[in-house]
Amino acid sequence: MSEELTDERAELEAAIAENPEEVAEFVRRLDAVNELLDVLALGEGALTDEMVRDVAGTTATLAESADGIATEETVGLAETVGENGAELEDALESLLTLQRTGALDELVELGGVASLLTSALDDEMVTSLAGTGTSLGELADTATEEDTHDGLETMLEGVAAAEAETPEQVGPLGLLGAARDPDVQYGLGYLLSIARAIGRERTETGAAETTQ
Amino acid sequence: MTEHVVIVGGGVGGSVLANDLADRLAPELEDGDVRVTLLNDSPEHVYKPVWLYVPFGQSEVDDGRRPLADLIDSRIEIRIDRVTDIDTDAKTLGCRDSDRPIEYDHLVLATGVTLAPEVVPGLEEGGHNYYSEAGAEALREELLSFTEGHLVLSVVGSPHMCPVAPLEFTFMADDWLRERGLREDVEITYTYPVGRVHGTPPIAEWARPVLDDRDINVETFFNAESVDPEAKTMTSMEGTELDYDLLVSIPPHRGIDVIEEAGLGEKGWVDVDNHTLEAETAEDVYALGDTADTGAPKSGSVAHYQVSTVGQRLTSRIRGRPPTATYDGKTLCFIETGMDEATFVAFDYENAPSPPPPSEKIHWSKLAYNESYWLTARGLL
């Protein structure tokens with residue numbers, strides 16, 4: 451035994467002599483630690499290499515998951531969830547209702563169509579469609595004015611009635627004969643009225659273009 | 090001096106471009122500074138995607154035909170004739186029914202494709218196809234009476250029109266036969282010339298499990314060498330022999346001969362800059378749609394999207410400005426995955442396709458677009 455180790459043992463004995471109660475408490479705890487070590491030894495004996503690898507793998511996965519979960523984004527997400535808990539609960543309820551009624555699947559399919567539309571369009575098509583839509587809108591605006599609407603209906607009904615009948619070929623004499631028919635007289639009056647209005651419209655438009 | 094723009098071909102690309110230029114060059118057309126002529130060998134415009142539905146009795150070939158005169162803006166001159174030669178030095182076109190050549194300042198080739206089944210011995214006699222009006226109608230007669238046996242869908246030629254149509258036909262045939270309680274009596278085999286089920290890898294990766302789930306046999310690396318119509322067998326260059334009862338093929342495709350004769354590109358495809366769509370070997374010549382060898386699929390959507398590039402570049406040149414518009418490879422194709430469901434792929438030179446889950450809504454979208462296609466032809470959609 452070396453001189454250095456003899457000195458350390460003497461110091462330990464002196465320390466025990468000075469603190470007998472603390473040493474007694476330490477020994478009692480040491481017994482508990484030993485019991486625990488016995489249990490671990492039992493476990494170690496029962497484990498196979500594969501089981502150790504599995505346990506180690508699971509532990510590592512858990513650790514990695516915890517590490518992965520604790521990213522800046524997930525912490526931010528958790529904060530957002532916490533701050534908007536009530537709204538998210540409501541939203542989840544709505545989602546569950548959609549799921550129960552089958553509407554969620556419909557919405558997912560409609561989402562596919564929306565994705566299709568955005569994929570299919572390009573700038574030119576958007577511009578062209580918007581232009582066509584605008585022209586149609588302007589036309590619809592004019593067509594839905596009450597008088598225009600009534601007039602167009604009268605005209606369309608007249609066209610439909612004419613199509614339903616078999617038109618005859620009419621020469622000058624036939625035209626003169628037809629002119630005595632009150633319906634034809636009313637219709638001619640109507641057409642002359644349209645002709646007058648179109649002429650007036652074009653004159654006004656022409657004058658406006660000339661002054662520009 | 091009046092500049093003359095000549096568009097050869099009245100299919101999707103040519104017709105949409107003609108109407109596009111009618112709007113874009115409206116002032117020049119009104120002042121007589123520009124003329125635009127659309128030259129086509131038939132007075133009718135044909136919308137080919139309709140043919141896919143003809144064999145299943147869901148469309149008639151007439152649904153895909155309209156007179157060009159009804160679709161093309163009145164400011165465009167329509168001329169019915171067939172181009173017999175192109176002189177890109179003299180800037181003239183020879184035509185079958187005209188003694189005098191047509192002079193052009195700017196030429197757009199949108200001549201499309203022709204079928205070349207004769208490249209594979211026996212294919213014309215032994216195989217059906219839905220890539221022509223007559224072919225689709227003949228196939229309908231065969232398919233309607235086909236209740237048992239081996240149906241083979243063989244992609245023989247590549248590139249071909251509408252690259253997903255072979256998959257569509259296969260999926261539709263499978264579903265159609267199931268609906269009629271005949272699928273158990275019909276074996277289906279799909280063949281493709283390369284080592285996957287489609288030329289575009291993401292589409293192949295998506296389609297392969299669908300084919301497998303539906304018990305559709307797959308033969309890849311199958312390059313058809315010959316067909317024996319009597320024995321009803323098909324042999325590949327790789328040495329595989331397939332028996333069939335009904336052979337539906339995608340025949341080899343070619344462009345028109347005059348393109349190769351004019352030195353503009355091989356097999357009738359014009360060599361172009363993939364982005365500007367300007368011919369590599371001649372000045373003031375553009376190509377679009379199936380005619381342009383860009384690497385983009387030969388599909389109507391490609392022709393449609395390319396129109397704005399050619400339209401803008403032509404307009405810029407005519408107005409003496411540097412053209413800047415370019416084509417980015419934008420492509421959109423619907424894929425029918427059965428009789429009631431479809432998906433779609435959208436991609437370009439940079440971005441790969443990723444088909445969403447098939448749905449009835451996308452199938453309806455395809456049907457709706459096919460019906461409203463005539464607005465596209467008129468330049469409205």
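Top line first, the protein sequences correspond to chains Y and F. For what it's worth, the numbering used here labels the leading residue of the first sequence as 451, then goes sequentially. For what it's worth, the numbering used here labels the leading residue of the second sequence as 90, then goes sequentially. A virtual CB, placed ideally from N, CA and C, is assigned to each residue, including glycine. Here the structure is a predicted model, which means the values were calculated and not measured.
Asked, Found
"Taking the alpha carbon of F:Asp362 as the reference point, which residue from F:Glu294, F:Cys251, F:Asp417 and F:Gly427 has its own alpha carbon closest?", "F:Asp417"
"Using a Cβ-Cβ distance under 8 Å, would F:Ile96 count as near chain Y?", "no"
"If you check the beta carbons only, do F:Leu141 and F:Phe258 fall under 8 Å apart?", "yes"
"List the residues of chain Y that F:Phe433 touches, going by C-beta distances under 9 Å, in chain order.", "Gly562, Ser565, Leu566, Ser569 and Ala570"
"Exposed or buried, F:Thr398, counting other C-beta atoms within 10 Å across all chains shown (16 or more means buried)?", "buried"
"For F:Thr181, name the three-state secondary structure that DSSP assigns.", "strand"
"Count the other CB atoms, across all protein chains shown, that sit within 10 Å of the CB of F:Met90; report buried if there are 16 or more and exposed otherwise.", "exposed"
"For F:Ala381, does the count of other Cβ atoms within 10 angstroms reach 16, so buried, or fall short, so exposed?", "buried"
"Using a Cβ cut-off of 8 Å (strictly closer), state whether F:Glu119 contacts chain Y.", "no"
"Quick one: any contact between the stretch 169-188 of chain F and the stretch 644-656 of chain Y, if contact means 3 or more CB pairs under 8 Å?", "no"
"May I ask you to report which of helix, strand or coil DSSP gives F:Asp162?", "coil"
"For F:Asn459, report the span of its beta strand (DSSP E) as first-last.", "From DSSP, F:Asn459 is part of no beta strand (DSSP E) but of the alpha helix (DSSP H) over Glu449 to Ala466."
"Report all residues from its chain with a CB closer than 8 Å to the CB of F:Ala457; omit the five preceding and five following residues, and keep chain order.", "none"
"Return helix, strand or coil for F:Ser338, following the three-state DSSP convention.", "strand"
"Roughly how many whole angstroms lie between the Cα atoms of Y:Leu542 and Y:Thr568?", "28 Å"
"From this set, F:Ile407, F:Lys450 and F:Val434, which residue's C-alpha is nearest F:Pro116's C-alpha?", "F:Ile407"
"Determine the burial state of Y:Asp488: buried for a count of at least 16 other Cβ atoms within 10 Å of its Cβ, exposed for fewer.", "Because Y:Asp488 carries a pLDDT of 48, less than 50, the predicted location of this residue cannot be relied on, and the following value inherits that uncertainty. With fewer than 16 other Cβ atoms within 10 Å, it is exposed."
"Determine, using beta carbons only, whether F:Thr289 and F:His393 come nearer to each other than 8 Å.", "no"
"List the endpoints of the continuous alpha helix (DSSP H) containing Y:Glu607.", "Glu596 to Ala614"
"Measuring only the C-alpha atoms, how far is F:Val97 from F:Gly103?", "7 Å"
"Identify the contact partners of F:Pro446 in chain Y, using a Cβ-Cβ distance below 9 Å as the criterion.", "Val558, Glu559 and Gly562"
"If we cut at 8 Å on Cβ distances, does F:Leu160 have a partner in chain Y?", "no"
"Cα-Cα, which of F:Thr203, F:Val202, F:Val241 and F:Leu196 is closest to F:His217?", "F:Val241"
"I'd like to know whether the C-beta of F:Ser397 is nearer than 8 Å to at least one C-beta of chain Y.", "yes"
"Along chain F, in chain order, which residues have C-beta atoms closer than 9 Å to that of Y:Glu574?", "Asp109, Tyr394, Val396, Ser397, Gly400 and Gln401"
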